[in-house]
Amino acid sequence: MIGQRESVSGAHFAFTDRWGGVSAAPYEELNLGGAVGDDAEAVRTNRELAAKSLGLDPAQVVWMNQVHGADVAVLDEPWGAEPVPEVDAIVTARRGLALAVLTADCTPVLLADPVAGIAAAAHAGRPGMVAGVVPAAVRAMTELGAEPSRIVVRTGPAVCGRCYEVPEAMRAEVAAVEPAAHAETSWGTEAVDVTAGVHAQLERLGVRDREQSPVCTLESGDHFSYRRDRTTGRLAGYVWLD
Ligand SMILES: [Zn+2]
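Residue 1295 in this note's numbering is what sits at position 121 of the sequence shown, and the numbering runs on without skipping anything.
Right, dumping it as structure tokens:
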């Protein structure tokens, strides 16, 4: 259910694993993604189960329509009747509103400035990391009054740099933008480390209170991995402030 949970000065960070939900194979068990082919009722139940285990009202959890871009939405209440916007980061100054990010190998990034009362969630796959979705989220936070030196960041389970094999040209393109993402697989071929790239971007912005999940989704049987299974569920990361 909740694989990792931490609270820092009234900011709460949580990442799910794949167990404890009602979805059938190949989405077993706690698939939280609504656009991956799973039964909609099962996803709704899973989202309720996960929210309850975190002490959250499911109606106060905000999800994104993620598109591997760098657009950011600032909000102070759940989306209304309008379609959920296509963004890969959401930011709020509303305490109690939980922001959620869905992943299965991409890097989920949770950010909070507990003093300013600003939280953000970002979805950073390879394209989003290269496009700068996480720095864009930090900029949106600072415009609302957050200070990079106070921002706490937790990155969740994601495919690691020793597993994320890419063509040589792709690694070169990514490394040209973010050298820290240059990686090599455990079998000696070209790879990308998206999480390392995200942390390097945050370091340059002066965001120093950062931790990284040790879990590699592709190597862990307790997590969904798109690269391993293709048709599979989605994990979620949640951030909110008291
Ligand atoms: Zn790995």
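A virtual CB, placed ideally from N, CA and C, is assigned to each residue, including glycine.
- Taking the C-beta atoms as reference points, Y1338 is found nearer than 8 Å to V1366.
- Remark: three or more beta-carbon pairs, one from each stretch, lie closer than 8 Å, so the region 1312-1322 and the region 1290-1297 are flagged as touching.
- About 6 Å separates the CB atoms of V1333 and C1390; that is less than 8 Å, so the two are in contact.
- Take the alpha-carbon of Q1375 and the one of V1196: they are about 37 Å apart.
- Every residue whose beta carbon comes nearer than 7 Å to a heavy atom of ligand 1 appears here in chain order: V1333, C1334, R1336, C1337, C1390, L1392 and E1393.
- Rounded to the nearest whole angstrom, the C-alpha separation of P1301 and H1242 is 6 Å.
- Judged by DSSP in its simplified three-state form, T1329 adopts strand.
- With a 10 Å radius around the Cβ and a threshold of 16 neighbouring Cβ atoms, D1212 comes out buried.
- Comparing alpha carbon positions, the residue from V1265, Q1240, V1258 and A1255 closest to A1278 is Q1240.
- Rounded to the nearest whole angstrom, the C-alpha separation of T1405 and V1210 is 7 Å.
- Following the DSSP letters along the chain, one finds A1320 in no alpha helix (DSSP H), marked with neither H nor E.
- Comparing alpha-carbon positions, the option among G1371, A1343 and P1252 lying closest to E1352 turns out to be G1371.
- Remark: C-beta atoms of A1244 and I1264 do not approach each other more closely than 8 Å.
- Assignment of N1239 by DSSP, reduced to helix, strand and coil, places it in the strand class.
- The alpha-carbon separation between R1328 and H1356 amounts to approximately 21 Å.
- In the DSSP assignment, V1289 falls outside any beta strand (DSSP E), carrying neither H nor E.
- Of the residues T1369, M1238 and T1190, the one whose Cα lies closest to the Cα of N1220 is T1190.
- Judged by their CB atoms, G1330 and L1276 are not nearer to each other than the 8 Å cut-off.
- G1229 and F1398 have their C-alpha atoms spaced approximately 24 Å apart.
- Here M1315 has V1265, I1292 and A1294 as same chain residues with Cβ atoms under 6 Å from its own Cβ, once five neighbours each way along the sequence are excluded.
- In the three-state reduction of the DSSP assignment, D1403 falls in the helix class, which pools H, G and I.
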